[in-house]
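S.K.: Handing you a structure now.
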Amino acid sequence: MAKQIRIGHRYTRKKKVYLRGFKNNRIFLKMTNELLKNTLLRAIHSGAEILRHYFEGTFEIQSKDTLNNLVTEVDKKSEDAIIDVIKSEFPEHFILSEEVGELSTASNYKWIIDPIDGTVNFAHGIPICCISIGLERDGQMLMGAVFNPFMNELFFAERGKGAFLNNKPLKVSSNANMEIACLVTGFPYRWASIETDPIPVFERFVRLGLPVRRLGSAAIDLCWVAAGRFDGFWEYNLNPWDIAAGYLIIEEAGGRISNFKGQPYSVYDKETLATNGKIHDQMLELISK
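Letter by letter, the sequence shown follows residues 469 to 757 of our numbering.
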């Protein structure tokens, strides 16, 4: 008789599959990861449909903790659509999302969601914005996706399996000289919430004559470093939903990510430096002066 194996919210019948021994546990994990990936991609496309529908249209806009830290009704609709997909398969999983906050459970799986990263851009009709979804298992990022539906760019990474842009492998740049690097950064909306003024650090880079861009979406910044478009990115005071997916995409594309002390990175850190790995120490030296 076939054995029933619970995966997500479904029961899948597979002959000759038993949860005994390393081989069959590996098969089970592979089946689980495939369903997780499919769910992640369905969720991100579901949110993207909402963004496309409202882009350059009429929608409600509000301020959060500062005047220019915006949230729109589209953020909330996108978030609802994403969570609905995830909960349809994995109702027991932990959710951490920008607008709703924590939907806490005892699960060892945590979905970290930004329904629109780059909300200010979106609100002004600037098509540099995206959806970011990272999936953490036992405290370690397992997979993540970042999708800009207006440029039709879907970035995806799974731990140990590489990073991809529209199914094509990603690789960071090979530039090893910071003096000719192209960099990207961002600034917090709440200056009082950080100990370090980011302007002097920014000034150090631009006084070297370096091109430093500001796109307005940390998730896209990270992905563009992973794609070799930028050589490095730094920013203060980001939130887990801004960086969870991009963090793994950077690493799987061969890059390096740390805090400003060069220590191993956590998506819960408030200092983020992500580079191609070759200019990382050079950027650390300039940031820490």
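Backbone N, C-alpha and C define an ideal beta-carbon position, used for all residues, glycine too.
(1) Per DSSP, which residues does P583 bridge with? Please list them.
(2) Between the C-alpha atoms of S556 and P732, what's the straight-line distance to the nearest angstrom?
(3) Counting only runs that start and end within the stretch 498-583, where is the alpha helix (DSSP H) found for 4 or more residues in a row?
(4) Quick one: what does DSSP say E663 is sitting in, helix, strand or coil?
(5) If you draw a straight line from the alpha carbon of I580 to that of P668, how long is it in whole angstroms?
(6) DSSP state of P637, grouped into three classes?
(7) Please state the DSSP three-state secondary structure of P732.
(8) For A694, count neighbouring C-beta atoms within 10 Å of its own C-beta (all shown protein chains included) and say buried if the count is 16 or more, exposed if not.
(9) What whole-angstrom Cβ distance do I550 and A511 have, given they're in contact under 8 Å?
(10) Could you tell me which whole beta strand (DSSP E) segments of length 3 or greater appear in the stretch 693-734?
(11) When we look at the beta-carbon of V614 and count the other beta-carbons within 10 Å, is it buried (16 or more) or exposed?
(12) Taking just the CA atoms, how far does E671 sit from K757?
(13) Measuring straight from C-alpha to C-alpha, what distance separates I648 and L503?
(14) Would you kindly work out how many angstroms separate the C-alpha atoms of L754 and Y715, rounded to a whole number?
(15) Can you give the Cα-Cα distance for I688 and I495, rounded to whole angstroms?
(16) Is the beta carbon of T540 sitting closer than 8 Å to the one on F618?
(17) With R658 and D533 assumed to form a contact (beta carbons below 8 Å), what rounded beta-carbon distance in angstroms separates them?
(18) Measuring CB atoms only, is the stretch 732-747 touching the stretch 628-636, in the sense that at least three cross pairs come out at less than 8 Å?
(19) Pull up the CB-CB distance for G593 and A713, whole angstroms please, since I reckon it's below 8 Å.
(20) Quick check: what's the CA-CA separation for S531 versus N537?
(21) Measure the alpha-carbon distance for V568 versus M609 and round it to whole angstroms.
(22) For L622, count neighbouring Cβ atoms within 10 angstroms of its own Cβ and tell me buried if that reaches 16, exposed if not.
(23) For G515, decide whether its Cβ has a neighbour in chain D, counting only Cβ atoms nearer than 8 Å.
(24) Is A574 buried or exposed, if buried means 16 or more other CB atoms sit within 10 Å of its CB?
(25) When you compare only the Cα positions, how much space is there between F701 and R627?
(26) How big is the Cα-Cα spacing for A631 and P656?
(27) If L690 sits next to A742, beta carbons under 8 Å apart, how far is it from one beta carbon to the other, in whole angstroms?
(28) Return helix, strand or coil for N616, following the three-state DSSP convention.
(29) Just to confirm, is the Cβ distance from T740 to I717 under 8 Å?
(30) If you follow the alpha helix (DSSP H) that I599 is part of, which residue opens it and which one closes it?
(31) When the Cα atoms are used, what is the spatial distance from G444 to N705?
M.R.: The structure says:
(1) Taking the first residue of the sequence shown as position 1, residue 583 is located at position 115. For P583, which the question treats as bridged, DSSP gives no partner whatsoever.
(2) Along the sequence shown, read from residue 1 onward, the residue named residue 556 stands at position 88. Along the sequence shown, read from residue 1 onward, the residue named residue 732 stands at position 264. Rounded to the nearest angstrom, the two C-alpha atoms are 34 Å apart.
(3) 541-557
(4) For the purposes of this step, residue 663 is taken as the residue at position 195 of the sequence shown. Three-state DSSP puts E663 in coil, outside helix and strand.
(5) Working through the sequence shown from its first residue, we reach residue 580 at position 112. Working through the sequence shown from its first residue, we reach residue 668 at position 200. Cα-Cα distance, rounded: 32 Å.
(6) Counted from its first residue, the sequence shown places residue 637 at position 169. Strand at P637.
(7) In the sequence shown, the residue the question calls residue 732 occupies position 264. P732 falls in the strand class under three-state DSSP.
(8) Within the sequence shown, residue 694 is the residue found at index 226, counting from 1. Buried: at least 16 other Cβ atoms inside 10 Å.
(9) If you number the sequence shown from 1, residue 550 lands on position 82. If you number the sequence shown from 1, residue 511 lands on position 43. With a Cβ gap of about 5 Å, I550 and A511 count as contacting.
(10) 700-704 and 724-726
(11) Mapped onto the sequence shown, residue 614 falls at position 146. Result: buried.
(12) Position 289 of the sequence shown, counted from the first residue, corresponds to residue 757. Position 203 of the sequence shown, counted from the first residue, corresponds to residue 671. Answer to the nearest angstrom: the Cα atoms are 12 Å apart.
(13) Along the sequence shown, one-based indexing puts residue 648 at 180. Along the sequence shown, one-based indexing puts residue 503 at 35. Near 43 Å, if we compare the C-alpha coordinates of L503 and I648.
(14) Position 286 of the sequence shown, counting from 1, holds the residue named residue 754. Position 247 of the sequence shown, counting from 1, holds the residue named residue 715. If you take the alpha carbons of L754 and Y715, they lie about 22 Å apart.
(15) Against the sequence shown, residue 688 aligns to sequence position 220. Against the sequence shown, residue 495 aligns to sequence position 27. In a straight line, the C-alpha of I688 is about 34 Å away from that of I495.
(16) Counted from its first residue, the sequence shown places residue 540 at position 72. Counted from its first residue, the sequence shown places residue 618 at position 150. Not a contact, by the Cβ cut-off of 8 Å.
(17) In the sequence shown, counting from the first residue as 1, residue 658 sits at position 190. In the sequence shown, counting from the first residue as 1, residue 533 sits at position 65. Sure, about 6 Å apart at Cβ, within 8 Å.
(18) no
(19) Locating residue 593 in the sequence shown gives position 125, counting from the first residue. Locating residue 713 in the sequence shown gives position 245, counting from the first residue. The pair is not a contact, with the Cβ atoms about 24 Å apart (cut-off 8 Å).
(20) As a working note, residue 531 is residue 63 in the sequence shown. As a working note, residue 537 is residue 69 in the sequence shown. Spanning the two alpha carbons is a distance of roughly 6 Å.
(21) Working through the sequence shown from its first residue, we reach residue 568 at position 100. Working through the sequence shown from its first residue, we reach residue 609 at position 141. Distance between the alpha carbons of V568 and M609: 21 Å.
(22) Numbered from its first residue, the sequence shown carries residue 622 at position 154. Buried is the call here.
(23) You won't find chain D in this structure, because it holds only one protein chain.
(24) In the sequence shown, counting from the first residue as 1, residue 574 sits at position 106. Per the 10 Å Cβ criterion, exposed.
(25) Within the sequence shown, residue 701 is the residue found at index 233, counting from 1. Within the sequence shown, residue 627 is the residue found at index 159, counting from 1. Roughly 21 Å separates the two Cα atoms.
(26) Reading the sequence shown from its first residue, position 163 is the one you call residue 631. Reading the sequence shown from its first residue, position 188 is the one you call residue 656. Each residue's alpha carbon lies about 28 Å from the other.
(27) The residue labelled residue 690 in the question sits at position 222 within the sequence shown. The residue labelled residue 742 in the question sits at position 274 within the sequence shown. Yes, they are in contact, since the Cβ atoms of L690 and A742 sit about 6 Å apart, within 8 Å.
(28) Within the sequence shown, numbered from 1, the residue matching residue 616 stands at position 148. Of the three classes helix, strand and coil, the one that applies to N616 here is strand, per DSSP.
(29) The residue labelled residue 740 in the question sits at position 272 within the sequence shown. The residue labelled residue 717 in the question sits at position 249 within the sequence shown. Not a contact, by the Cβ cut-off of 8 Å.
(30) Looking up residue 599 in the sequence shown gives position 131. Run containing I599: none in the alpha helix (DSSP H); it sits in the beta strand (DSSP E), C598 to R605.
(31) One cannot answer for residue 444 here, as it falls past the ends of the chain, which runs 469 to 757.
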